[in-house]
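With the working numbering applied, the sequence shown corresponds to residues 5 to 504, in that order.
Where a beta carbon is used, it is the ideal one built from N, C-alpha and C, also for glycine.
A quick write-up on the structure given underneath.
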Amino acid sequence: MHLFTILAFAMLFWRADSPGEWRLLPADDVFWTLLLVVGQPLLLLVAAVSAAKRAHRLHDKHPEAPQIGQRFHHRSLFLLRMGLFVGFAAALLLTPWPEWFEFGRITPALQIIGDLIVLSPFFGGALVLWIAAYPAERALRLLGEPQSYDQSTTDGPGWRIGPYLDFNLRHHLLVVAVPMTLILFVSNMTRGYGAVLRRWSGWVWTPDALLAVVAGGVFVVAPVLLCRIWRTAPLESGPLRERLEIICRRIGLRCRDILIWNSDGIMINAAVMGVFAPVRYVLLSDALLATMSTRQIEAVFGHEAGHVRHRHIQHFLVFALVGWLTVAGLMEGLARTSTGSTAWWGLSSTAIQGLGLAATVLFWGLGFGWVSRRFERQADLFGARCVTPSDAECDRPCSVHLDAQSSYPQDGRVCATAAAVFASALQRVALLNGIPPEERSWRHSSIGSRIRFLVSLAGDPARAMAFERLIRRIKTTLLAAAVLGGAFFVYYWTVAATTR
Ligand SMILES: [Zn+2]
Ligand SMILES: [Zn+2]
C-alpha cells in the first residue's frame, strides 16, 4: 500500500508539470467525471467483498492447508490496490476532476486543500478495501494467534474494527501521506511563487533548489514525525532493554531510542528508521515482544541493526539517484534525437514521457526488488551473528564452535545455533502474521528461502564470503554509476546543453 500511496502523490507532482495533456473528457463533463470518481470506490467495494468471501470459503474448504486461503487473500488484495491506483490515475489524467480544485489560482497556499480533495477518492478507496478485507483478515490471522496472548474468545482485544482501521490508516496511509503532503505543499508554494523567487535571487533554479532542500529536510526528520503518527512509547528499562543496549554497544549501533510499537497486539514486526543517529529509532512491536523469546527478539533486533550498520538506506538513496539519472538521460536522449532535420524517430513529448514512466517502473520494479532482497539477506546474516552464543550454549556442528576448523576463513563463519535461532524468529513472524512461508513480495524473498539461505551459509563459510562479495559489488556499482552519471549530468547541463 505504501508504494501505491507514493505513486498516487507522485501523479499529482507529475500532473502539475503537464496539466491537461492527457485529458479525454471535456472540462464541463460533470456526469462522466463524477461517475468515474465516485463509481470507483463502489466498484472496488463489490470486488473486495467477493474476493474476501472467496478467501473465507477457501479457508473453510481446506482447513488442513490454511496457506491456500491466505495466498488468495494476499494476491487479491494486491490486485485490488493496483486497481485502486490505476483507477485514480485514470481519474486524474483523463478527466477534468483535478481542474475543478485548482485553488492555487486564488493563492498558492490554498492549492494543498484542492490537492487533498483530488486525492480523496484514493483515500476513500483504500478505506473501502480495508473494511471489505476485515472479516477475512480476522479469520485468516487468527490461525496463527499467539498462544501466550489472552485469546480465550474469538473477539481478541486487537481485532475489533475500530482499532483495526486506526492501525491500517496510521501504518499504511498516514505514514506516507503526511510527509508527502508537506512536500506537496512546499512544491505548490515554490511553483506559485517561482517567478518571485527567481527575480529575488537572480538564479533560475532557486525554486527547485528550495524544494530539494525542504524535501531532504522532511526525509531526515521523518522518523520524529513517524513515531508520533504511529503509537509508540520508549521500551521500559529492564533486563530486555539492557540486553539490547549491550548489543548496540557491541556492534556500534547508535540510536535515539528503542521504542515499543503499539498495535493492540495486531502486528508482529520490527523496524529501524533514521539515517542519522540523533533521529534514529529502533521499533519493536508489542505483539513481537509478547510472543517471542528474548533470544528471538535479539535476533530480530540484530536484523534491523544490520540494515543500519550496512548502510542500506543510504544505498537505496544512491539507487534512487541512479534511477533518476538513467531515466532523465534516456528522456533527454530521446528528445534530442526526435527533433530537427536529422531526427532518428519522431517521438512526441507525450510518447517520451510515457517511455520515461515505463523505464522508471521497470528500473524500480525489477532493480529495487532485486537489490532489496539481497540487502534483507545481508541483514538476516547480521541478525544471526548478533545472537552467536557462547561455546557451551552451541550444541550443533558449526564453523564457529564445535566443528571449528582452522581452515575455515574467519570472515565467513556463522554459528549454526545462531542461524537456527534466527530462523525460528523468522518462522514465528510468518506464522503469527499469517504469511505463507513460501510467499514472496517485491522487497522480501519468501521466509522459507531466507531460512534455507541462512542455514546453508552457516554450513558453508566460503558461500557466506561469496555472498558478502556480491553485496560489496552491488554497492560499488551503485556508487560508481551515481558518481559517473552525476558528473555527466553536471557537464551536460553546464557545458553541452548551452552550446546546443
Ligand atoms: Zn529487513
Ligand atoms: Zn555455534
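Pull up the distance between the alpha-carbon of residue i and that of residue j, whole angstroms please.
i    : j    : result
V494 : L47  : 48 Å
L488 : T481 : 10 Å
A216 : V286 : 27 Å
A491 : L359 : 24 Å
R1   : L97  : Because the chain spans 5 through 504 in this model, residue 1 falls outside it and cannot be assessed.
D384 : N192 : 42 Å
Q239 : R245 : Per the sequence shown, the amino acid found at residue 239 is Leu instead of Gln. For L239 and R245, the distance between alpha carbons rounds to 7 Å.
A468 : A56  : 42 Å
R235 : L169 : 14 Å
N266 : V499 : 54 Å
V218 : G333 : 25 Å
R473 : I255 : 21 Å
W101 : S124 : 11 Å
Y153 : L201 : Confidence is the limiting factor: at Y153 the pLDDT is only 41, short of 50, which leaves the residue's position unreliable and the question unanswerable from this model.
E302 : L288 : 10 Å
Q394 : F457 : The residue asked about is misnamed: residue 394 is Ser in this sequence, not Gln. Rounded to the nearest angstrom, the two C-alpha atoms are 23 Å apart.
G310 : G278 : 13 Å
E149 : A429 : Model confidence at E149 stands at a pLDDT of 47, short of 50, so the residue's coordinates are unreliable; what they give is reported in the following sentence. Rounded to whole angstroms, E149 to A429 spans 15 Å at the Cα level.
V190 : S376 : 30 Å
Q115 : A281 : 35 Å
H6   : N172 : 11 Å
L120 : L131 : 15 Å
A199 : D21  : 15 Å
A434 : I451 : 7 Å
R444 : F92  : 26 Å
M86  : L257 : 38 Å
H176 : R381 : 24 Å
L178 : L186 : 12 Å
G220 : L321 : 11 Å
Between which residues of its own chain and residue i is the CB-CB distance below 8 Å, once the five residues before and five after are set aside?
i    : result
D159 : In this predicted model, D159 has a pLDDT of only 44, less than 50, meaning its place in the structure is not dependable enough to derive any value.
R253 : none
A356 : A small correction: the amino acid at residue 356 is Ile; Ala does not occupy that position in the sequence shown. Cβ within range, chain order: M335, L338, A339, S342.
Measure how close the beta-carbons of residue i and residue j come, nearest whole angstrom, since I'm counting them as under 8 Å.
i    : j    : result
T298 : R247 : 7 Å
R432 : T210 : Not confirmed; about 53 Å, so no contact.
A422 : V391 : 5 Å
T9   : V180 : 4 Å
A462 : A420 : 4 Å
H307 : G387 : 3 Å
P45  : G128 : 5 Å
A513 : F126 : Any property of residue 513 remains undetermined from this structure, which presents the chain solely from 5 to 504.
E25  : T354 : 6 Å
I272 : N437 : 5 Å
F305 : I251 : 7 Å
Within its chain, find whatever has a CB closer than 7 Å to the CB of residue i; leave out the 5 residues flanking it on each side and keep chain order.
i    : result
A485 : V326
W348 : T341
H319 : K479, L482
R555 : Any answer about residue 555 is impossible in this case: the structure gives the chain only from 5 up to 504.
L229 : V182, P183
V283 : V224, V225, P227, V228, R260
P161 : With a pLDDT of only 49 at P161, under the threshold of 50, the placement of this residue in the model should not be trusted, and no figure is reported.
S241 : none
D290 : I264, W265, N266, S267, G269
H63  : P70, G73, A143, L144
L351 : L338, S342
F89  : F8, L11, A12
Within 8 Å (strictly less), CB to CB, does residue i reach chain D?
i    : result
A181 : Structure shown: chain D not included; a single protein chain is present.
Should residue i be listed as close to ligand 3, given that the test is whether its C-beta is under 7 Å from any heavy atom?
i    : result
C419 : For ligand 3, the structure offers nothing, since it holds only ligand 1 and ligand 2.
What residues in its chain sit with their C-beta under 6 Å from that of residue i, if we drop five residues either side in the sequence?
i    : result
Q151 : Unreliable positioning characterises Q151 in this predicted model, as indicated by a pLDDT of 39, which lies under 50. The coordinate reading is nonetheless provided below. Nothing listed; no residue qualifies.
H316 : F379
A275 : L287
R400 : A420, T421
Q. Are the segment 135-145 and the segment 50-63 touching by the rule of at least three beta carbon pairs closer than 8 Å?
A. yes
**Q.** Runs of alpha helix (DSSP H) wholly within the segment 161-240 (minimum 4 residues, chain order)
**A.** 165-172, 179-196, 198-205, 210-233
Q | Secondary structure, alpha helix (DSSP H): runs of 4+ residues fully inside the segment 295-321 | A | 298-313
Q) Fully enclosed by the segment 395-451, which beta strand (DSSP E) runs are 3 residues long or longer? A) none
Q) At a cut of 8 Å, does the segment 252-264 reach the segment 196-207 through at least three beta carbon pairs? A) no
(Q) Three Cβ pairs or more, each shorter than 8 Å: is that satisfied between the segment 5-19 and the segment 86-104? (A) yes
Q: Could you say if the segment 103-121 and the segment 66-84 meet the contact criterion of at least three C-beta pairs nearer than 8 Å?
A: no
Q | Touching by the beta-carbon criterion (3+ pairs, under 8 Å), the segment 110-120 and the segment 25-41 | A | no
Q: Would you mind listing the alpha helix (DSSP H) stretches within the segment 72-155 that are 4+ residues and don't spill past its ends, in chain order?
A: 115-145
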